[in-house]
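Undergrad:
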Amino acid sequence: MLPGARATSLRNPGVPVGVVAALGLTQIIGYGTLYYSFSILAPGMATDLGISVAQVFAIFSASLFVGGLSAPYIGRQMDGVGAATVMAIGSVLSALTLILCA
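Numbering (my numbering), first residue to last: 169 to 270.
1) Helix, strand or coil for residue 263? Go by DSSP, reduced to three states.
2) Can you give me the Cβ contacts of residue 259 inside the same chain, cut-off strictly under 8 Å, excluding the 5 residues immediately before and after it?
3) Cβ of residue 255 less than 9 Å from any chain C Cβ?
4) Which one of 256, 263, 255, 207 has the shortest CA to CA distance from residue 229?
5) What are the boundary residues of the alpha helix (DSSP H) that includes residue 215?
6) Measuring only the C-alpha atoms, how far is residue 218 from residue 210?
7) Let me confirm a value: residue 224 is counted as buried when at least 16 other C-beta atoms fall within 10 Å, else exposed. Which label applies?
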């Protein structure tokens, strides 16, 4: 654990089980929507951008790499402002990105 980090309990009586279940369900749906829809959107994106499908997937791979590099920063944000806030912002940005890709 990092210096200054605080340990949190996974069993927080203040968080209703329904909220946790809803968050889990939306994360599963979000993951499927963002990652698996990309293979459907890629050919159209390649045509619109004038690049090959392989290049579209290379860009997608690079974005996953950048996402991995940003994980420590995002984790610190979650520790600071709360995971729900960061995840809600991420969900809104993801939805806007899908709208732009459509």
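Idealized CB from N, CA, C, for every residue including glycine.
TA: Reading from the atomic positions:
1) helix
2) 194, 198
3) In the structure shown, chain C does not exist; there is a single protein chain.
4) 207
5) 206-217
6) 12 Å
7) buried
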